[in-house]
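Protein chains in written order, with the numbering used here: chain A, 8 to 250; chain B, -2 to 289; chain C, 1005 to 1358.
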Amino acid sequence: MTALLEVKDLHRSFGPVKAVDGASLTVDEGSVTALIGPNGSGKTTLFNLITGHLRPDGGSVRFGGADATTAGPAALHRRGLTRTFQQARIFPQLTVQENLVVASGFTWRELFGRRINPRDAEAAQRLLEEFRLAHVADLYAAELSYGQRKLLEFAAVLMSKPRLVLLDEPTAGVNPVLIETMEQHIRERNAAGITFLIVEHDMGFVMRLCDPVVVLDRGREIFVGTPAEVQQNPAVLDAYLGA
Amino acid sequence: MHALIQGIILGILTAGVYALMASGQTLIFGIMKVVNLAQGAMVIFAAYLSYQLFASFGLDPFLAIPITTVVMFALGVAVEWCFLRPLRREDKAELSLLVTFAVALLLEGVMTVVWSTSVRSINTSYANSSWTIAGYQITLVRLWAFLLSLVALGVLYFILQRTGFGRAVRASVQNPESARLLGVRSEAISALGFGLGSATAAAAGSVYGLLYPFNSGSHYDLISRLLSIVLLGGLGSIGGAVIGAVIVSLSSAIVAATISPVWSEMTFFVVLLLVLIIRPRGLFGVASRGAI
Amino acid sequence: MGAKAIGPARGAVFLLLVGSLPFVGVQHWVLNMLVFTLMYAAMSSAWNLVGGLAGYPSLGHAAFFGIGAYIEAIWFQHHSVVSGYEPFYLLPLVGIVGAVIGYPFALVAMRTRADVFAIVTITLLFVGQTLAFNLTGLTGGAQGLAIPPAPFSADSFERPYYLVLLLLLAIAMGVTWLTMRSKVGLSLSAVRADEDKAAAIGVHVGGVKMLTFCVSVGITAMVGGVWAAYESFIYPQFAFDPLITIGIVLMTFLGGRGTLWGPVLGAFVLELAQQYLAYTLGGNEYYLIAYALVFLVVMLLMPRGILPTLQARLRSRRRRRAMPDDPVAEPAPPPIGSAADYAVSIPAPNGSER
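Spelled out as structure tokens, the structure:
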């Protein structure tokens, strides 16, 4: 396997707080990599650094073999790296269908075409059926339940045919049935060639789905291994229990 | 060279007055996230009040300040209570701009009815006396106005730093949620904060009336300067407002002294645009959170 | 889906109906009132592109009205008016110049959001007024500028201005309609809801914002040009008038921002009422107070405007019928014209999530 994403020695402080302090990790093409760690270990900051929402103080990020350290979110999105947010960031004043279409990315010429053309509608419909959201396609996204919003954001991310998707706690606050659905979708998409990097607290979810697992503590990785190895590693237990 | 230094002196003295007005406005933003477009009209209203007190009772504008301060404070609380509190939270940021603009128009209308549109000025006995130091002329009124503004800013600083009210205000500016949990009554703080912000218009108004002739329409000119100042310094930052006032007044005065008074009116706008190109949030801008 | 085919038909009927009024013997004072109403309807409609669809509350549009007026006036200091139609021929140029001036300004101003944007734009208005007063060589300063009056017959003097303004209104509404139906409109809705997220998922945020702003101020400048020709004498304080900005914004808010018909409805209700009051009461000094009070009452009672309020009510009824007991349904669907996200849509420029 080749590395799709390489993070080397990344640093970022907020005032005196070193949120990310020398973190390195590799995400192999075709993997479902998990990023776990106790609260405040810097997972979300690391996500923000990788996706260009924050600038690192030091270190480097490479994506698809090219440097991506200072690229902004829009540029990275064009290169096939996209993400979801912990609190699903959808467009509440757009309909569910429009949320998908707007995320599909269009050229200047398409910009002046129909708001939703038959091709858009078809692509959105396919995805919505897959995610069992077809019945709410014409509702405003603001009218969705919390779990449905997370599904919608996930579906929207897939519209642009990404290479790497970063999911920030896809199951937090979501009911068990939806968690299973989410897991299913990730599996299917991964089989279709999309690589995932997932921040997650639900250990069962991580153990079933991810390999390898990267453990982060105090802003740097302390362990990388299979789910089974992680569960037996004393340093990991320490980080969760001792801190 | 002489003109330049004269311009700098004038600019610094003027800056004090603008700093006072702008600090009230930025304070209101810090507390309520409301850009008070009526601040200019409030200053003019206070100027009319001290004009009237002087014309009717011969009360010196400087001595009238305690009275006008009380009136302006009450006016601010009333405006907050009548027009801003009823706005729903999600509409507040946008609608408050329009509502305070409407309040400005309302005040302008009232002032037009009461004092007509003819230009007034407060002509005290000392209005035209000045000192000359090393060939540079310093108008007495301007110097006093400057000192008074410093005192008023000091009082404002004291209120915010040393009183329970001030602590509550600062807490709710920095973190409204936890302040509420700690028992700070945000509604009361909003009303008092708006009152306090308006009260700064009282001292500023007396001074403004002494320095410049004015009529009910003068608030447009005033508000555009004030807005530039608070944006320059960064909304919500009092220190930023003071520095913004210095930059705006100095650059205007220098341009007026060296190039032409016509272009001095434009200076603050150019400075503002330049700053916004580099820092869209102003020099000391605070994002969605405020800081004082 | 049928509603989409009705849209243009409804627009055509409205325009034809309004367009026929000058030919059916409507009195001069009524036509004069309607000229101003159309002026505001066109400008509100144009403002709605920026203030409603993109969610950028510009308070500086009156500056472009003034710019348009002064371009007309300055041009006819050096050219003569023979047939009376020359000021109209100049309008495309006025629109283009307005848009070209708007571009660099928007490039800076649109780096800011919400209230800061409103302030930066209103400052432009005051600067415009200052310039008009002070550049006496060009603008005549406080003396104002005259445009030679058109030799139209007194019977139908208003007619050409009326029709040209109606045309501008049609253009503004047409542009709005096309925008809403295209992906430009979709992108603008995303910008309005969450600009940072929109940029991050590849929406051409800067492009659509600039385009919309330039078109909007271009139309506004053309309206200013017609106004200058109609008045045939302009002064800085009336060409660059904060009350024009406020009128535009208020009408759009009253009717419903982000909708096609809202700004037009708002303009017809408010401007007609205002003109009628001014006509019957005369230029009373209580006028400003009354205006401000009406303004405040509208803001406090109908913060979302007439049309969105009605639409939300209709929609929730239809929804209740469609899905009687869906657990998903939450009680308060925000209508499209809601500002629900203003408070949260002002994140720090370089990402504040941690």
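We treat Cβ as the ideally placed atom computed from N, Cα and C, and that holds for glycine.
All of these numbers come straight from a predicted model, not from anything done at the bench.
- When the cut-off is 8 Å and only beta carbons count, does T66(B) lie next to chain C? no
- Item | chain C contacts made by the region 52 to 85 of chain B, where a contact means CB separation under 8 Å | F80, P83, L84 and R85
- Message: Which residues in chain C have a C-beta closer than 7 Å to the C-beta of E184(B)? List them in chain order.
- Response: The premise fails here: E184(B) is roughly 17 Å from chain C at the closest Cβ pair, so nothing lies under 7 Å.
- Run through DSSP, which three-state label would I1151(C) get? coil
- Unbroken alpha helix (DSSP H) run spanning W1265(C), endpoints: Careful: W1265(C) lies outside any alpha helix (DSSP H) and carries neither H nor E.
- Task: Report, in whole angstroms, the separation of the C-beta atoms of E190(A) and Q93(A), which I expect to be a contact under 8 Å.
- Result: With 8 Å as the limit, E190(A) and Q93(A) do not qualify as a contact, their Cβ atoms being about 18 Å apart.
- Query: If we count the other Cβ atoms within 10 Å of its Cβ and call it buried at 16 or more, is M(-2)(B) buried or exposed?
  - Reply: exposed
- Message: DSSP three-state label for L61(A), please.
- Response: coil
- Task: State the DSSP-derived secondary structure class of V111(B), mapped to helix, strand or coil.
- Result: Three-state result, V111(B): helix.
- Message: Using only CA atoms, which one of L24(B), I186(B) and L1(B) lies nearest to S195(B)?
- Response: Distances from the alpha-carbon of S195(B) to those of L24(B), I186(B) and L1(B) put L24(B) closest.
- Item | Buried/exposed call for A131(B), threshold 16 Cβ in 10 Å | exposed
- Task: Verify whether the separation of the beta carbon atoms of S47(B) and I156(B) is less than 8 Å.
- Result: No, they are not a contact pair.
- Query: What are the boundary residues of the beta strand (DSSP E) that includes A75(B)?
  - Reply: Boundaries around A75(B) are those of the alpha helix (DSSP H), P58 to V76, since no beta strand (DSSP E) includes it.
- Query: Using a Cβ-Cβ distance under 8 Å, would L1042(C) count as near chain B?
  - Reply: no
- Task: Using a Cβ cut-off of 8 Å (strictly closer), state whether L1190(C) contacts chain A.
- Result: True, the Cβ-Cβ gap to chain A drops below 8 Å.
- Find the nearest neighbour of L1097(C) within the set V1227(C), L1128(C) and Y1295(C), judged by alpha-carbon distance. V1227(C)
- How many Å lie between V14(B) and A142(B) at the Cα? So the alpha carbons of these two residues sit roughly 7 Å apart.
- Nearest to L1111(C) by CA position, among P1267(C), S1236(C), M1255(C) and F1217(C), is which residue? F1217(C)
- Message: Restricting to runs no shorter than 4 residues, where is the alpha helix (DSSP H) found entirely within the region 1083 to 1128 of chain C?
- Response: For the region 1083 to 1128 of chain C, whole alpha helix (DSSP H) runs of length 4 or above, ordered along the chain, are 1090 to 1093 and 1095 to 1113.
- Sequence-distant residues of its chain with Cβ nearer than 8 Å to A1103(C) (five each side left out): C1218, V1219, V1221, G1222 and A1225
- Item | Given S126(B) as reference, the closest of F26(B), A176(B), L208(B) and R276(B) once Cα atoms are compared | L208(B)
- Item | Contacts of S1220(C) in chain A (Cβ-Cβ under 9 Å) | What S1220(C) touches in chain A: nothing, since even the nearest Cβ is about 17 Å away.
- Tell me H251(A)'s beta-bridge partners as DSSP assigns them. Lying outside 8 to 250, the shown extent of chain A, residue 251(A) is not represented and no answer is given.
- Query: Taking the runs of the alpha helix (DSSP H) that are 4 residues or longer, which of them lie wholly in the region 176 to 205 of chain B?
  - Reply: none
- Message: For the region 86 to 113 of chain B, list every residue whose C-beta sits within 9 Å of some C-beta in chain C, in sequence order.
- Response: R86, E87, D88, K89, A90, E91, L92, S93, L94, L95, V96, F98, A99, V100, A101, L102, L103, L104, E105, G106, V107, T109, V110 and S113
- Query: How many Å lie between S1342(C) and F1109(C) at the Cα?
  - Reply: Low confidence applies here, because S1342(C) scores a pLDDT of 37, under 50, leaving its location unreliable; read the following figure in that light. Using only the alpha carbons, I get a separation of about 27 Å.
- Extent of the continuous alpha helix (DSSP H) run through L216(A): M210 to L216
- Message: Can you tell me whether I235(B) is buried or exposed? The criterion is at least 16 other CB atoms within 10 Å of its CB, across all chains shown.
- Response: buried
- Message: For a test of the three-state rule: what should DSSP assign to Q239(A), helix, strand or coil?
- Response: The answer is helix: DSSP assigns Q239(A) an H, G or I state.
- Task: To the nearest angstrom, report how far apart H1032(C) and S1024(C) are at their CA atoms.
- Result: 14 Å
- Message: V143(A) and Q155(A) - do their beta-carbons sit closer together than 8 Å?
- Response: Here Q155(A) is near V143(A), since their CB atoms are less than 8 Å apart.
- Task: Go ahead and label V1017(C) buried or exposed: buried means 16 or more other beta carbons lie within 10 angstroms of its beta carbon, across all protein chains shown.
- Result: exposed
- Message: Here's the rule I'm using: 16 or more other beta-carbon atoms within 10 Å means buried, otherwise exposed. How should P3(A) be labelled?
- Response: With chain A represented from 8 up to 250, any question about residue 3(A) goes unanswered, as that position is not in the structure.
- Task: Look up G169(B) in the DSSP assignment and say whether it is helix, strand or coil.
- Result: Just to set this straight, residue 169(B) is Ser in the shown sequence, not Gly. Helix.
- Message: Quick check: what's the CA-CA separation for H84(A) versus I1205(C)?
- Response: 6 Å
- Task: Buried or exposed for F51(B), please, with buried defined as at least 16 other CB atoms from any protein chain shown within 10 angstroms of its CB.
- Result: Burial is judged here by how many other beta carbons sit within 10 angstroms of a residue's own beta carbon; F51(B) has at least 16 and is buried.
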